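Enquirer: Residue numbers (our numbering): 1124 to 1484. Every residue, glycine too, gets a C-beta built ideally from N, C-alpha and C. Just so we're clear, the structure is a prediction, and the values are computed from it rather than from any experiment. One structure, pasted below without further comment.
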Ligand SMILES: Cc1ncc(COP(=O)(O)O)c(C=O)c1O
């Protein structure tokens, strides 16, 4: 086994509710740990899945034809410029496998989606990380960190776990300064939540001669995390390379029909976006009242400074509230909480106040 595989650690997923309830003997717990959509899947997606169930003995459409056509129309790109993935995670891994070998490196922020480092390490290449600046990607420093060995840059906008965004001006400077042979992965998993007019939608910067890959997912805004479906948009040549590496049926049949239906469910998107905005505002105001610092977020989660986060995390678990400790991101004083339903948000705030020994309101 190559020594870089020996050094790989297993990705630590958020604790499932069932495990918590078994271990701590609590019931009625809530999970705000994996940035899932608390409002459930799009009802149209559920209907489409029900209709597709009798055909489960068939393999899925390996090309994802209808979903790619619908996305192409929606995004104003050619269907050949789109690859579907078993979650956008699948595509993150394909990119690393396609472009990295031992001796190469990939540049990313110190605290960015932890999977980037893992997929890079799995290829034997080196992940080089650049510190965040005020909890936000420092695109200037990332551009400076690119060397002749750099093949890939991973960016998440909004970033996970901070929820921050980089703005249009900084992004445009960055795009100009990146060498033409470096692939930039713009992971826009939470883009659907952002309402800042200075947010740079990386899809608008797609050009046939620019090595830019935009990643999107149906896991967040569309509430289909359990089905695993995401997509990438990029130059046709890059997409062709990724297609050679992917499994022939990497996106299952139910995921394809559900994503197609969810894409047209405007009502669901509008409702989720509004509820998330209100939930974030509620959580941020509660933090202000409790005297907890937080990082203002554009995503569906909030990074909160709570002192001894390990202890607070454990105490919340005992109250049946699952959030995410941030030691894996080298933030031992922070917890990341996903925006829940209004009831879940209230329960989290009351529980946190009780654990910290402060008033919730
Ligand atoms: C920044 C970022 N990118 C990608 C993903 C993966 O999403 P998917 O469910 O599409 O694999 C996540 C999931 O939390 C994420 O936070």
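#1: Quick one: is residue 1161 buried, meaning 16 or more other Cβ sit within 10 Å of its Cβ, or exposed?
#2: Give me the Cα-Cα distance between residue 1308 and residue 1358, rounded to the nearest whole angstrom.
#3: Do the stretch 1289 to 1305 and the stretch 1246 to 1255 make contact, defined as three or more Cβ pairs closer than 8 Å?
#4: On a CA-only basis, which of 1361, 1403, 1479 and 1409 is nearest residue 1430? Give me that one, please.
#5: Quick check: what's the CA-CA separation for residue 1469 versus residue 1228?
#6: Any chance you could list the alpha helix (DSSP H) runs of at least 4 consecutive residues sitting entirely within the stretch 1145 to 1214, in chain order?
#7: If you measure from the CB of residue 1342, is any heavy atom of ligand 1 nearer than 7 Å?
#8: Would you say the stretch 1366 to 1376 touches the stretch 1228 to 1244, given that touching needs at least three Cβ pairs under 8 Å?
#9: On a CA-only basis, which of 1397, 1410 and 1421 is nearest residue 1457? Give me that one, please.
#10: Quick one: measure Cβ to Cβ for residue 1376 and residue 1181, integer angstroms, because I've assumed they're closer than 8 Å.
#11: How far does the alpha helix (DSSP H) with residue 1391 in it reach, from first residue to last?
#12: Based on Cα-Cα distance, which residue from 1153, 1196, 1157 and 1152 lies nearest to residue 1387?
#13: In whole angstroms, give me the CA-to-CA distance for residue 1400 and residue 1428.
#14: By the three-class DSSP mapping on this structure, what secondary structure does residue 1450 have?
#15: What's the gap between the Cα of residue 1146 and the Cα of residue 1459?
#16: Classify residue 1349 as buried or exposed, calling it buried when 16 or more other Cβ atoms lie within 10 Å of its own Cβ.
#17: Should residue 1277 be counted as a contact of ligand 1 given a C-beta to heavy atom distance under 7 Å?
#18: Check each candidate in 1132, 1137, 1156 and 1163 and name the one with the smallest Cα separation from residue 1345.
#19: Using 10 angstroms around the beta-carbon of residue 1186, count the other beta-carbons present and answer buried if the total reaches 16, otherwise exposed.
#20: Could you tell me the boundaries of the alpha helix (DSSP H) in which residue 1231 lies?
#21: Please find out if some non-hydrogen atom of ligand 2 comes closer than 7 Å to the beta-carbon of residue 1355.
#22: Would you tell me roughly how many angstroms separate the C-alpha atoms of residue 1434 and residue 1466, rounded to the nearest one?
#23: Measure from the alpha carbon of residue 1234 to the alpha carbon of each residue in 1476, 1452, 1482 and 1474, then state which is nearest.
#24: For residue 1128, does the count of other Cβ atoms within 10 angstroms reach 16, so buried, or fall short, so exposed?
#25: Label residue 1125 either buried or exposed according to how many other C-beta atoms from any shown protein chain fall within 10 Å of its C-beta, with 16 as the threshold for buried.
#26: By the three-class DSSP mapping on this structure, what secondary structure does residue 1336 have?
#27: For ligand 1, I want to know if residue 1211 counts as a neighbour, meaning its beta carbon is within less than 7 Å of at least one of the ligand's heavy atoms.
#28: Distance, Cα to Cα, residue 1365 vs residue 1208?
#29: Helix, strand or coil: how does DSSP classify residue 1238 here?
#30: Rounded to a whole number of angstroms, what is the C-alpha to C-alpha distance between residue 1455 and residue 1426?
#31: Taking the alpha-carbon positions, what's the residue 1436 to residue 1474 distance?
#32: So for residue 1307, helix, strand or coil by DSSP?
#33: For residue 1219, collect the residues of the same chain with a Cβ closer than 6 Å to its Cβ; drop the 5 residues on either side in sequence, then sort them by chain order.
#34: Just the C-alpha distance for residue 1154 and residue 1444, rounded to the nearest angstrom, thanks.
#35: Just tell me which of 1418, 1395 and 1396 has its CA closest to the CA of residue 1406.
#36: If you compare alpha carbons, which of 1258, 1194, 1254 and 1304 is closest to residue 1270?
Expert: The short version:
#1: Around the C-beta of residue 1161, 16 or more other C-beta atoms lie within 10 Å, and the residue is accordingly described as buried.
#2: 12 Å
#3: no
#4: Among 1361, 1403, 1479 and 1409, the Cα nearest to that of residue 1430 is on 1479.
#5: 44 Å
#6: 1166 to 1175 and 1188 to 1198
#7: yes
#8: no
#9: 1410
#10: 7 Å
#11: 1389 to 1413
#12: Scanning 1153, 1196, 1157 and 1152 for the CA closest to the CA of residue 1387 turns up 1196.
#13: 20 Å
#14: Helix at residue 1450.
#15: Whole-angstrom Cα-Cα distance: 22 Å.
#16: exposed
#17: no
#18: 1163
#19: Counting other Cβ atoms within 10 Å of its Cβ, residue 1186 stays below 16 and is therefore classed as exposed.
#20: Unbroken run through residue 1231 is the beta strand (DSSP E), 1228 to 1232; no alpha helix (DSSP H).
#21: For the structure depicted, ligand 2 is absent and the ligand set comprises only ligand 1.
#22: 24 Å
#23: 1452
#24: exposed
#25: exposed
#26: strand
#27: yes
#28: 10 Å
#29: helix
#30: 12 Å
#31: If you draw a straight line from the Cα of residue 1436 to the Cα of residue 1474, it comes to about 11 Å.
#32: Here residue 1307 sits in strand by DSSP.
#33: 1242, 1243 and 1246
#34: 6 Å
#35: Of the listed residues, the one whose Cα sits closest to residue 1406 is 1418.
#36: Selected option, being the one with the closest Cα: 1304.
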